[in-house]
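Numbering (the working numbering), first residue to last: 13 to 295. Here is the structure we will look at, set down as structure tokens.
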């Protein structure tokens with residue numbers, strides 16, 4: 013018989029409608045619980061493990077098997093404490109989800125966390141924008157990702173449902189770094205291109221984390237005033253990088269971090285009533 017807590021890993025063959033048992037990952041000592049998730053990315057399978065500390069993360073190559081040593085997702089997240097951003101340990105729990113997204117993996121941790129992350133083998137895990145996942149709260153319900161939460165990738169976008177007996181349905185524009193609710197807003201919505209017209213408004217910073225300098229790339233869909241401001245983790249304005257009227261187009265500028273104290277910063281971009289925010293880490 014099968015004992016509760018035993019680990020299994022299977023492969024399915026659609027042409028024969030059969031499953032075979034494969035060697036499970038050797039990660040941690042506890043069973044895989046709520047918060048665990050698996051997805052394909054490139055030529056590998058990636059899995060994150062819920063129900064155990066730290067946040068285990070590993071990969072499976074069909075030609076050689078599971079990675080010899082598991083990696084770890086970050087435990088500390090930037091969490092809004094009501095007056096300022098603070099670092100807090102957040103572990104994979106019920107409501108976590110994982111998906112492969114073109115050039116990166118994307119994940120949310122569940123457990124009431126509103127934070128959202130990306131992963132590449134080169135950069136590791138990076139928190140995308142503080143408190144990214146929207147907090148719309150229906151009467152009598154907590155609008156957090158929990159049981160039933162799921163994410164999926166389509167070219168240039170991540171789609172998310174929060175679960176938790178909610179009908180919330182969201183789309184994340186990878187180039188624009190922002191979540192918006194498609195219209196109409198229920199899970200029966202028809203996903204069409206015209207719900208995403210704001211995604212010509214985009215910003216990114218490379219590299220991140222930053223050691224000395226970085227390049228800020230940003231774009232404007234139409235001519236108008238653009239502002240770039242850098243804030244520290246306490247919400248204090250550190251530097252205004254841009255405040256000018258710009259013609260529509262794509263631009264780049266250098267960010268010199270040599271005089272910045274090590275830590276977490278937030279880069280806020282605003283143009284033509286559109287807003288975006290990126291979390292930066294100075295090392």
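Yeah, the Cβ is synthetic: ideal placement off N, Cα and C, and Gly gets one too.
Using only alpha-carbon positions, find the residue among 249, 237, 126 and 286 that is nearest to residue 278. Sequence index remark: in the chain shown, residue 278 carries index 266 (1-based). Cα-wise, what sits closest to residue 278 is 249.
Residue 104 to residue 287, Cα distance in whole Å? Within the chain shown, residue 104 is the residue found at index 92, counting from 1. Within the chain shown, residue 287 is the residue found at index 275, counting from 1. Going by the C-alpha atoms only, they are around 29 angstroms apart.
In chain order, what are the residue ranges of uninterrupted beta strand (DSSP E) at least 3 long that sit wholly in the region 248 to 290? Taken in chain order, the unbroken stretches of beta strand (DSSP E) that lie wholly in the region 248 to 290 and span 3 residues or more are 249 to 258, 261 to 268 and 275 to 283.
List the endpoints of the continuous beta strand (DSSP E) containing residue 113. As a first step, residue 113 is located in the chain shown; it is residue number 101 there, counting from the start. From DSSP, the beta strand (DSSP E) with residue 113 extends over 109 to 113.
So what does DSSP say about residue 229, is it helix, strand or coil? Working through the chain shown from its first residue, we reach residue 229 at position 217. Strand.
Helix, strand or coil, according to DSSP, for residue 23 in the structure here? One-based indexing of the chain shown puts residue 23 at position 11. Note: residue 23 maps to strand in three-state DSSP.
Beta-carbon proximity check, residue 220 vs residue 264, cutoff 8 angstroms: Here residue 220 refers to the residue found at position 208 when the chain shown is read from its first residue. Here residue 264 refers to the residue found at position 252 when the chain shown is read from its first residue. Residue 220 is not a Cβ neighbour of residue 264, given a cutoff of 8 angstroms.
According to DSSP, residue 120 sits in a beta bridge with which residue or residues? Here residue 120 refers to the residue found at position 108 of the chain shown. Residue 120 is bridged to 109 and 128.
For residue 98, which residues from the same chain have a beta carbon less than 7 angstroms from its beta carbon, with the 5 sequence-adjacent residues on both sides left out? Here residue 98 corresponds to residue number 86 of the chain shown, with the count starting at 1. 91, listed in sequence order.
Could you check what DSSP says for residue 160 in three-state terms: helix, strand or coil? Residue mapping note: residue 160 aligns to position 148 of the chain shown, counting from 1. Coil at residue 160, not helix or strand.
In angstroms, rounded to a whole number, what distance separates the CA positions of residue 218 and residue 226? Position 206 of the chain shown, counted from the start, is the residue given in the question as residue 218. Position 214 of the chain shown, counted from the start, is the residue given in the question as residue 226. For residue 218 and residue 226, the distance between alpha carbons rounds to 6 angstroms.
Could you give the residue range of the beta strand (DSSP E) that holds residue 169? The count along the chain shown starts at 1 and reaches residue 169 at position 157. In the DSSP assignment, residue 169 falls within the unbroken beta strand (DSSP E) covering 169 to 173.
Of the choices 260, 173 and 167, whose alpha-carbon is the least far from that of residue 116? Sequence index remark: in the chain shown, residue 116 carries index 104 (1-based). Ranking the options by Cα distance to residue 116, first place goes to 167.
Cut-off 6 angstroms between Cβ atoms - residues of its own chain near residue 32, not counting five sequence neighbours on either side: Your numbering for residue 32 matches position 20 in the chain shown. Excluding positions up to five away in sequence, the list reads 23.
My guess is that residue 283 and residue 241 are in contact by the Cβ rule of under 8 angstroms, so how many angstroms apart are they, rounded? Indexing the chain shown from 1 puts residue 283 at position 271. Indexing the chain shown from 1 puts residue 241 at position 229. Residue 283 to residue 241, Cβ: 12 angstroms. No contact.
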